[in-house]
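Trainee: Read top to bottom, the protein sequences are chains A and B. When the first sequence is numbered by the working numbering, its final residue is 329 and no position is left out of the sequence of numbers. When the second sequence is numbered by the working numbering, its final residue is 329 and no position is left out of the sequence of numbers. Virtual Cβ for every residue (Gly too), placed ideally from N, Cα, C.
2 protein chains.
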Amino acid sequence: MNMQRAASFRGPPVVALCGGVGGAKLALGLERLIGADLTVIVNTGDDFEHLGLHVSPDIDTVVYTLGGLSDLERGWGRADESWNFMEALGALGGETWFRLGDRDLAMHVERSRALRSGISLTEFTVATARRLGIAASILPMSDDRVETMVITAEGALPFQRYFVGLQCAPVVKRLEFSNAERAAATSQVLAALRNPDLAAIIICPSNPYLSVDPILAVSDIRRALDEVTAPIIAVSPLIGGQAVKGPTAKIMAELGVPADSASIARHYRFIDGLIIDETDRAEAGKIDMPVRVTSTLMRSLGDRDRLAADCLEFASHLAAGAQRRTAT
Amino acid sequence: MNMQRAASFRGPPVVALCGGVGGAKLALGLERLIGADLTVIVNTGDDFEHLGLHVSPDIDTVVYTLGGLSDLERGWGRADESWNFMEALGALGGETWFRLGDRDLAMHVERSRALRSGISLTEFTVATARRLGIAASILPMSDDRVETMVITAEGALPFQRYFVGLQCAPVVKRLEFSNAERAAATSQVLAALRNPDLAAIIICPSNPYLSVDPILAVSDIRRALDEVTAPIIAVSPLIGGQAVKGPTAKIMAELGVPADSASIARHYRFIDGLIIDETDRAEAGKIDMPVRVTSTLMRSLGDRDRLAADCLEFASHLAAGAQRRTAT
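(1) Quick check on A/Phe49: does DSSP put it in helix, strand or coil?
(2) Report all residues from its chain with a CB closer than 7 Å to the CB of B/Thr123; omit the five preceding and five following residues, and keep chain order.
(3) So, under 8 Å CB-CB, B/Ser83 and B/Asp103 are touching, yes? Tell me the CB distance rounded to an integer number of Å.
(4) With a threshold of 16 other CB atoms inside 10 Å of the CB of A/Met4, please say whether the residue is buried or exposed.
(5) Taking only beta-carbon positions, decide if A/Glu111 is within less than 8 Å of chain B.
(6) Spatial neighbours of A/Cys1 within its chain, please: CB distance less than 6 Å, with the 5 preceding and 5 following residues excluded, ordered by chain position.
(7) In whole angstroms, what is the alpha-carbon distance linking A/Ser212 and B/Ala37?
(8) Would you please verify whether the beta carbon of A/Pro14 is less than 8 Å from any beta carbon of chain B?
(9) What does DSSP give as the partner residue(s) for B/Ala235 in the beta ladder?
(10) Does A/Gly76 come out as helix, strand or coil in the three-state DSSP assignment?
(11) Residues of chain A with a CB under 7 Å from the CB of B/Ala225: which are they?
(12) Enumerate in chain order the residues of its own chain whose CB-to-CB distance from A/Arg132 is below 7 Å, with the five nearest sequence positions on each side excluded.
(13) Can you tell me the Cα-Cα spacing of A/Val219 and A/Leu18, whole angstroms?
(14) Quick check on this structure: which residue in B/Met150, B/Met108 and B/Val63 has the alpha carbon closest to the alpha carbon of B/Glu136?
(15) Looking at the C-beta of A/Met2, does it have a partner C-beta in chain B at a distance below 8 Å?
(16) Do we get a CB-CB distance below 8 Å when we pair B/Phe49 with the residues of chain A?
(17) For B/Leu90, which residues in chain A fall below 8 Å Cβ to Cβ?
(18) Three or more beta-carbon pairs under 8 Å between the segment 230-244 of chain A and the segment 314-325 of chain A, yes or no?
(19) What span of residues does the alpha helix (DSSP H) with A/Glu182 cover, start to end?
(20) Locate the alpha helix (DSSP H) running through A/Ala193, then write down its first and last residues.
(21) Is it buried or exposed for A/Ile277, if we count other Cβ within 10 angstroms and need 16 for buried?
(22) Got a sec: which bits of the segment 122-140 of chain A sit with their beta carbon under 7 Å from any beta carbon on chain B, in order along the chain?
(23) Buried or exposed, going by whether 16 or more other CB atoms sit within 10 Å of the CB of B/Thr261?
(24) Using a Cβ cut-off of 8 Å (strictly closer), state whether A/Gly94 contacts chain B.
(25) In chain A, what lies closer than 7 Å to B/Asp103 by C-beta?
(26) Closer than 8 Å between beta carbons: that is the criterion. Which residues of the segment 39-63 of chain B meet it against chain A?
(27) Can you tell me the Cα-Cα spacing of A/Arg112 and A/Asn44, whole angstroms?
(28) A/Asp273 to A/Arg162, Cα distance in whole Å?
(29) So A/Arg282 contacts chain B; which residues on that side make the cut at Cβ distance below 9 Å?
(30) Could you pull out every residue in the same chain whose Cβ sits closer than 6 Å to the Cβ of B/His109, ignoring the five residues on either side in sequence?
(31) Quick check: the Cα distance between B/Gly21 and B/Phe178, rounded to an integer number of angstroms?
(32) For A/Ser262, report the span of its alpha helix (DSSP H) as first-last.
(33) Assuming B/Thr280 and B/Gly241 form a contact by the criterion Cβ under 8 Å, report the distance between their Cβ atoms to the nearest whole angstrom.
(34) What are the boundary residues of the alpha helix (DSSP H) that B/Ala107 is part of?
(35) If you count every other CB in all the chains shown that lies within 10 Å of the CB of B/Ile120, and 16 or more means buried, which is it?
(36) Would A/Arg146 pass as an interface residue toward chain B - the criterion being a Cβ-Cβ separation below 8 Å?
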């Protein structure tokens with residue numbers, strides 16, 4: 002959280018599109034670099050009602066990560082977490098397949114209370130981020146429900162049933178995002194995307210199918226992206242044909258798509274440039290758009306900072322090139 | 002929990018009317034003596050919606066006490082409790098004046114989920130008690146909302162605001178039980194009270210004004226008590242003019258009622274006998290109904306068992322006397 006810088010100097014705004022863990026790492030790097038100039042638009046296709054509570058897994062991952070509360074070892078949820086609620090719930094015969102830590106639960110209870118009282122998911126998220134001292138704006142992609150459905154060989158599965166309940170085992174045939182066409186982007190999301198000073202839009206290395214596509218499925222957001230003049234870049238979530246975490250490569254195989262950077266570039270065909278890992282340097286020539294080769298693996302905080310800087314520099318480079326083309 | 006006895010032998014059924022901590026102690030003693038022959042009808046006037054969850058403090062105290070889960074030191078809530086939810090909620094700006102432990106929270110979340118899905122409070126309570134291995138039937142006084150309002154010198158206060166929020170400090174002018182006249186007793190409560198084999202109805206040493214009167218305010222229950230032929234006895238919650246715990250004596254003073262056993266007898270004017278503590282032996286002569294003098298202080302488990310046995314013996318004695326009177 003670079004709040005001092007954010008307060009003292011505002012640079013050109015940057016938007017990041019982000020899912021859960023992998024994406025949040027880059028969002029943290031960006032926030033440390035540009036603070037309040039960053040807006041993170043987060044996938045809510047994984048949101049679901051559980052135990053009567055509104056759970057927003059990706060928003061929480063981003064909020065916990067940028068708020069310095071995330072568990073870096075486990076990869077999800079809060080650090081210094083306890084599980085006494087879950088244990089007691091099991092003893093009462095409640096559902097325990099989706100694990101909610103005692104501290105994490107506060108977020109779901111408080112958010113559910115807020116939503117029932119008429120506060121929007123955006124308002125709640127913005128207020129919570131502010132309270133946790135996060136300089137960046139964290140925005141749900143929509144305040145309307147969009148539900149990621151995983152159409153598998155075993156039938157249509159709600160996201161969490163596929164992802165947590167069945168540990169991504171079923172073979173994916175396609176993804177559907179219920180209500181995405183009708184869901185409205187919020188005024189905050191549209192304002193961020195339509196900001197004429199925008200320096201870049203960065204698609205974080207989240208799962209393209211499960212985490213980024215739901216955002217792109219919101220028609221308001223897709224249209225806004227079509228009209229953006231700032232460079233749109235993506236960071237490939239693949240390194241050597243594998244995701245650092247999660248089922249990206251498995252899903253690509255199941256969809257009959259080669260698990261390589263060229264496929265990511267084709268998937269995001271509207272972007273202006275792709276960042277790929279050094280491991281995949283040889284693939285650069287097969288990609289029909291500007292490519293930046295760097296290390297995309299984010300182990301340390303320094304890795305996050307460096308990749309964030311690479312993203313901004315690459316976008317700036319693409320913008321300069323576009324201006325030169327316009328000028329000639 | 003005397004489940005073996007309960008399974009092998011059924012004696013005459015007994016009903017206890019009960020509020021929170023003090024009442025639950027006697028209910029435990031009764032359950033240890035007669036197991037499944039005991040039905041505890043519990044005050045729900047303290048129930049309230051908090052953080053979007055349905056909290057039933059007295060039911061939970063009885064369930065935790067009879068289920069062997071209660072914290073004997075603190076006097077409320079669960080043993081081996083942690084408070085990480087509460088801490089995290091405070092950091093998010095949530096309400097923390099009413100403390101919910103991490104394990105306790107499982108009950109509120111699961112109950113709220115059940116109620117929203119159309120399961121009644123009675124069904125949920127009965128199922129939970131069964132799951133926790135409790136032989137006795139624990140029944141909410143009603144499945145309809147009855148709300149205890151404390152009319153104080155500072156205005157009308159919902160029960161928890163008065164009891165927990167303001168620590169019983171405001172001067173009580175009177176009590177109101179919203180909706181009690183319209184609230185229906187459940188078929189289970191009425192069946193227990195109308196059981197022709199009933200051996201006794203025991204009013205536990207709970208606060209008469211805050212914990213027992215809401216039960217008596219349900220008109221179905223009051224009518225059923227009028228028709229009961231089994232002896233109705235009460236255990237005075239006062240010892241030497243003071244309650245073991247809670248504001249009984251303070252409220253009596255504020256209402257202009259002497260804090261003695263005779264006042265308790267007048268308050269419960271429909272009962273057939275009153276059990277008072279040895280300390281108050283001198284008051285026995287001033288009480289216009291049969292009185293049993295014994296030790297009503299329940300420190301140890303043995304104390305609970307002994308007082309429970311005294312209650313049953315006293316009721317049996319009163320029933321025999323009534324039969325003799327009928328025969329002559």
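Mentor: Taking the geometry as given:
(1) Here A/Phe49 sits in strand by DSSP.
(2) Result list for B/Thr123: Leu140, Pro141, Asp144, Thr187 and Gln189, in chain order.
(3) Contact between B/Ser83 and B/Asp103 holds: CB atoms are separated by about 5 Å, below the 8 Å threshold.
(4) Model confidence at A/Met4 stands at a pLDDT of 45, short of 50, so the residue's coordinates are unreliable and nothing is read from them.
(5) With 8 Å as the cut-off, A/Glu111 counts as an interface residue toward chain B.
(6) Chain A is shown from 2 up to 329; residue 1 of chain A falls before or after that span and cannot be answered.
(7) Their backbone Cα atoms lie some 53 Å apart in a straight line.
(8) No - not a single Cβ of chain B is within 8 Å of the one on A/Pro14.
(9) In DSSP, B/Ala235 forms a bridge with B/Ile204 and B/Leu275.
(10) If DSSP states are grouped into helix, strand and coil, A/Gly76 belongs with coil.
(11) Ordered by position in chain A, no residue passes the 7 Å Cβ test against B/Ala225, which lies about 31 Å from the chain.
(12) Excluding residues within five positions, none has a Cβ falling inside 7 Å.
(13) In a straight line, the C-alpha of A/Val219 is about 13 Å away from that of A/Leu18.
(14) Looking at the sequence shown, residue 136 of chain B is not Glu but Ala. Residue B/Val63 is the option with its Cα nearest to B/Ala136.
(15) Residue placement at A/Met2 is poorly supported in this model, since its pLDDT is 39, which falls under 50; the coordinates still yield a value, given next. With a threshold of 8 Å between beta carbons, A/Met2 makes no contact with chain B.
(16) Output row for B/Phe49: interface = no.
(17) Within 8 Å Cβ-Cβ: Ala107, Val110 and Glu111.
(18) Segment contact: the segment 230-244 of chain A against the segment 314-325 of chain A, three or more CB-CB distances shorter than 8 Å; contact assigned.
(19) Neither: A/Glu182 is in no alpha helix (DSSP H) and is coded neither H nor E.
(20) Per DSSP, A/Ala193 is one residue of the alpha helix (DSSP H) stretching across Ser188 to Arg195.
(21) A/Ile277 should be labelled buried.
(22) Under the 7 Å Cβ criterion, the segment 122-140 of chain A contributes Thr129 and Arg132.
(23) Rather than Thr, the amino acid found at residue 261 of chain B in this sequence is Asp. Of the residues assessed, B/Asp261 falls on the buried side of the cut-off, its CB having 16 or more other CB atoms within 10 angstroms.
(24) The C-beta of A/Gly94 comes closer than 8 Å to at least one C-beta of chain B.
(25) Within 7 Å Cβ-Cβ: Ser83, Asn85, Phe86 and Asp103.
(26) For the segment 39-63 of chain B, which is checked against every Cβ of chain A, the residues closer than 8 Å are Leu52, Gly53 and Leu54.
(27) So the alpha carbons of these two residues sit roughly 16 Å apart.
(28) Approximately 35 Å between the Cα atoms of the pair.
(29) Chain B residues near A/Arg282: none, gap ~44 Å exceeds 9 Å.
(30) Excluding residues within five positions, the ones whose Cβ falls inside 6 Å are Leu54 and Val56.
(31) Just so you know, the alpha carbons of B/Gly21 and B/Phe178 end up roughly 17 Å apart.
(32) Where A/Ser262 is concerned, the enclosing alpha helix (DSSP H) stretches over Ser262 to His268.
(33) Their Cβ separation, rounded to whole angstroms, is 4 Å, which keeps B/Thr280 and B/Gly241 in contact under 8 Å.
(34) Membership of B/Ala107 in the alpha helix (DSSP H) is indicated by the continuous run Asp103 to Arg117.
(35) With fewer than 16 other Cβ atoms within 10 Å, it is exposed.
(36) Contact with chain B is absent for A/Arg146, since none of that chain's Cβ atoms lies less than 8 Å from the residue's Cβ.
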